[in-house]
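Visitor:
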Amino acid sequence: MTETAAVPARPKGPGFPEFVSLIAMMMALNALAIDVMLPALPAIGTALGVVTENSRQWVITAYLLGFGVAQIVYGPLADRYGRKPVLMAGLSLYILFSVIAAFAPTFEALILARVGSGIGAAALRVLAVSIVRDRYSGRTMARVMSLSFLVFLGVPILAPTLGQLILYVAPWPWIFGVLAVAGGAFMIWAAIRLPETLHREDRLPIQVDRIAAAFRVALTDRRSMGYTLAMTAMTGALFGFINSSQQIFFDVFNEPELFTIFFGLMAGGVAIASLLNARLVEQLGSRWISHSALLGFIAVSVIHLAVIFSGHEAIWTFVVLQGLVMFCFGLIVGNFGSMAMEAMGHIAGTASSVQGFIGTTAGSMMGFFIGQQFNGTVAPFAIGVTVCGCLALAAVLFAERGQLFRARKLDRPVTV
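So for the sequence shown, the working numbering puts the first residue at 7; every next one is plus one.
1. Closer than 7 Å by C-beta to Phe-269: which residues in its own chain qualify, once you throw out the five before and the five after it? Chain order, please.
2. Count the CB pairs spanning the segment 70 to 77 and the segment 190 to 197 that are closer than 8 Å, and state whether there are at least three.
3. Between Lys-232 and Met-147, what straight-line distance do the alpha-carbon atoms span, to the nearest angstrom?
4. Helix, strand or coil, according to DSSP, for Ser-98 in the structure here?
5. Under 8 Å by Cβ, that's how I've got Ala-224 and Gln-361 pegged, so tell me the actual separation to the nearest angstrom.
6. Examine the Cβ distances between the segment 238 to 250 and the segment 370 to 388 and report whether three or more of them are shorter than 8 Å.
7. If you measure between the beta carbons of Ile-321 and Glu-263, is that distance less than 9 Å?
8. Looking at the structure shown, is Asp-215 part of a helix, part of a strand, or coil, going by DSSP?
9. Considering only C-alpha positions, which residue in the set Thr-366, Arg-89, Leu-44, Ala-108 is nearest to Met-240?
10. Got a sec? Which residues, its chain only, sit under 7 Å from Cys-396 by beta carbon, not counting five neighbours each side?
11. What does the Cβ neighbour count give for Val-214, buried or exposed, with the cut at 16 atoms within 10 Å?
12. Over the uninterrupted alpha helix (DSSP H) stretch that includes Ile-66, give me the two end residues.
13. Does the segment 54 to 67 touch the segment 101 to 115, meaning 3 or more C-beta pairs lie closer than 8 Å?
14. Can you grab the Cα-Cα spacing for the pair Ile-50 / Glu-59, in whole Å?
15. Is it true that the segment 306 to 326 meets the segment 90 to 97, where meeting means three or more beta-carbon pairs spaced less than 8 Å apart?
16. Are the CB atoms of Val-4 and Phe-363 nearer to each other than 9 Å?
17. Contact defined as beta carbons within less than 8 Å: I believe Tyr-161 pairs with Val-150. What is the distance between those atoms, to the nearest angstrom?
18. Chain B beta carbons: is any one of them nearer than 9 Å to that of Phe-363?
19. Helix, strand or coil, according to DSSP, for Met-505 in the structure here?
20. Give me the residue from Val-402, Ile-29, Ile-101 with the minimum Cα distance to Ser-296.
21. Using only CA atoms, which one of Ala-37, Asp-41, Gly-183 lies nearest to Val-105?
22. How about the segment 385 to 396 and the segment 298 to 313: do they share at least three Cβ pairs that are nearer than 8 Å?
23. Can you tell me whether Thr-234 is buried or exposed? The criterion is at least 16 other CB atoms within 10 Å of its CB, across all chains shown.
24. Work out the CA separation of Ala-128 and Thr-67 for me, nearest whole Å.
25. With distances taken from CA atoms, which of Met-347, Ser-292, Leu-44 is nearest Val-6?
26. Could you tell me how far apart the beta carbons of Leu-185 and Leu-83 are, in whole angstroms, since I believe they sit closer than 8 Å?
27. How long is the line joining the alpha carbons of Arg-285 and Phe-109, rounded to whole angstroms?
28. So, for Glu-202: in the same chain, excluding its five sequence neighbours on each side, which residues have a beta-carbon less than 8 Å away from its beta-carbon?
29. Given that a residue counts as buried once 16 or more other Cβ atoms are within 10 Å of its Cβ, and exposed if not, what is Thr-226?
30. Is the Cβ-Cβ distance between Phe-411 and Ser-298 less than 9 Å?
31. Quick one: grab the DSSP three-state call for Pro-23.
32. Hey, quick one: how far does the alpha helix (DSSP H) through His-310 stretch, first residue to last?
33. Sort Gly-369, Val-79, Glu-24, Thr-238 by Cα distance to Ile-198 and report the nearest one.
34. By a C-beta neighbour count over all protein chains shown, 10 Å radius and 16 as the cutoff for buried, is Ile-338 buried or exposed?
35. Are the beta-carbon atoms of Ala-279 and Phe-342 separated by less than 9 Å?
36. Nearest-angstrom Cα distance between Gly-122 and Ala-107?
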């Protein structure tokens, strides 16, 4: 019998482009659940008897609160049982509660279903960061996150238009049906193509002392917490925009038909910035890019305030200046997220959950507070965004001990 030459086994799992697309879709399902329903908020309020317009913002905020709080649980579970089983469990909740929301008979029932959807989606956020950190670190990790963020940002650009198209042909509950279908489609894709990235020997037992120690590391590492707080402030600015945007276009500028178009243009600024960041981050470094962009974010926000209080605000000034703010935002978020995880590789799942819990929960409340100040003008929103930018700068200065643009030596990681 003649021997047959051995054929090298093909590596398991997706290649780089598909891996980036998988991570992007994990994040995109979250963005879809927020932005697709923005055009439907008036219809939801009318159908379910919501009298106060600002109260409709709870449809967004309830989801974000569930999304933020649940992240603290998924990290330890992912470090113990692996990434994929936890991802499948979170997707199941996302799909289930999207279906329940579609049949909600009251506004209160809808809000509870939105909390449940957010709890399921929290797994996507934690697992996206953890899976990338399992495979990459440093500037390469920042590049992967930036490319994923680019694909993910196609959703905020298109989601309001998708929501409007759904409303043209079907009542508002079908928006939640689309979320359930999208979650199911991704679940099948991930089940087939996404491998387990946490090696069995690296899994950590669920022990109170160990988890407490891991939380302590994530909460006391200066860089981890500094950039987490900076991301919290940036998240507050973003959610303030999401909560306020529909009312600004409908009530301030009286241009409801332009809402989806201009929302897409402004979100497109983030997409362009993310593509630019992915191309430049390995050459220029995440600090130089993100710190410069943060200063630009604050400067444009201050200019916007000057335009508003000088009485020259118009729809075109809002779109242009907020588009520039969103462009700066796109150069910031992926880099801040990767820098927050630099020393957290040994507890990536737990650290990601701690950072996500703080960033999303506190950021959503900041954004909700900004949205609730809406008084028929753009001024409260613009003030809130400017304050968020200044808070983010203070957090970065804390993380880097007062030094911008250059990396300082990492604090020594603590083994838990």
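Yeah, the Cβ is synthetic: ideal placement off N, Cα and C, and Gly gets one too.
Guide: With the given structure in hand:
1. If you ignore the 5 residues before and after Phe-269, its C-beta comes within less than 7 Å of the C-beta of Pro-166, Ser-251, all in its own chain and listed in chain order.
2. Two segments are said to touch when three or more pairs of C-beta atoms, one from each, lie closer than 8 Å; by this definition the segment 70 to 77 does not touch the segment 190 to 197.
3. For the record, residue 232 in the displayed sequence is Gly; it is not Lys. Near 19 Å, if we compare the C-alpha coordinates of Met-147 and Gly-232.
4. Here Ser-98 sits in helix by DSSP.
5. The Cβ separation is near 7 Å, so the contact holds.
6. Touching, yes.
7. No; because the gap between Cβ atoms is not below 9 Å, this pair is not in contact.
8. DSSP places Asp-215 within a helical segment (H, G or I) once states are collapsed to three.
9. The option with the nearest alpha carbon to Met-240 is Thr-366.
10. The answer, listed in chain order, is Ile-304.
11. Val-214 comes out exposed.
12. Looking at the DSSP string, the run of the alpha helix (DSSP H) that includes Ile-66 is 64 to 87.
13. Between the segment 101 to 115 and the segment 54 to 67, the count of C-beta pairs closer than 8 Å reaches three or more; the two stretches touch.
14. So the alpha carbons of these two residues sit roughly 11 Å apart.
15. Contact between the segment 306 to 326 and the segment 90 to 97 is absent, because fewer than three Cβ pairs lie under 8 Å.
16. The first residue shown for the chain is 7 and the last is 422, placing residue 4 beyond what the model contains.
17. Here the sequence assigns Val to residue 161, which means Tyr is not the residue at that position. About 18 Å; that fails the 8 Å criterion.
18. Structure shown: chain B not included; a single protein chain is present.
19. Missing from the structure shown is residue 505; the chain here goes from 7 to 422 and no further.
20. When each option's Cα is compared against that of Ser-296, the closest is Val-402.
21. Nearest of Ala-37, Asp-41, Gly-183 to Val-105, Cα basis: Gly-183.
22. Taking 8 Å as the limit for Cβ pairs, the verdict is that the segment 298 to 313 does touch the segment 385 to 396.
23. Burial is judged here by how many other beta carbons sit within 10 angstroms of a residue's own beta carbon; Thr-234 has at least 16 and is buried.
24. Those two C-alpha atoms are separated by around 14 Å.
25. Coverage of the chain is limited to positions 7 through 422, which leaves residue 6 absent and any answer about it impossible.
26. Their Cβ separation, rounded to whole angstroms, is 23 Å, which puts Leu-185 and Leu-83 out of contact at 8 Å.
27. Roughly 45 Å separates the two Cα atoms.
28. Scanning its chain for C-beta atoms nearer than 8 Å, with the 5 sequence neighbours on each side dropped, one finds around Glu-202 the residues Gly-88, Arg-89, Lys-90, in chain order.
29. Thr-226 comes out exposed.
30. In contact: Phe-411 and Ser-298 (Cβ atoms closer than 9 Å).
31. Here Pro-23 carries a helix assignment [DSSP, helix/strand/coil].
32. Counting along the chain, the alpha helix (DSSP H) containing His-310 begins and ends at 292 to 315.
33. Ranking Gly-369, Val-79, Glu-24, Thr-238 by Cα distance to Ile-198 puts Glu-24 first.
34. When all chains shown are included, Ile-338 counts as buried.
35. No.
36. Taking the straight line from one Cα to the other gives about 9 Å.
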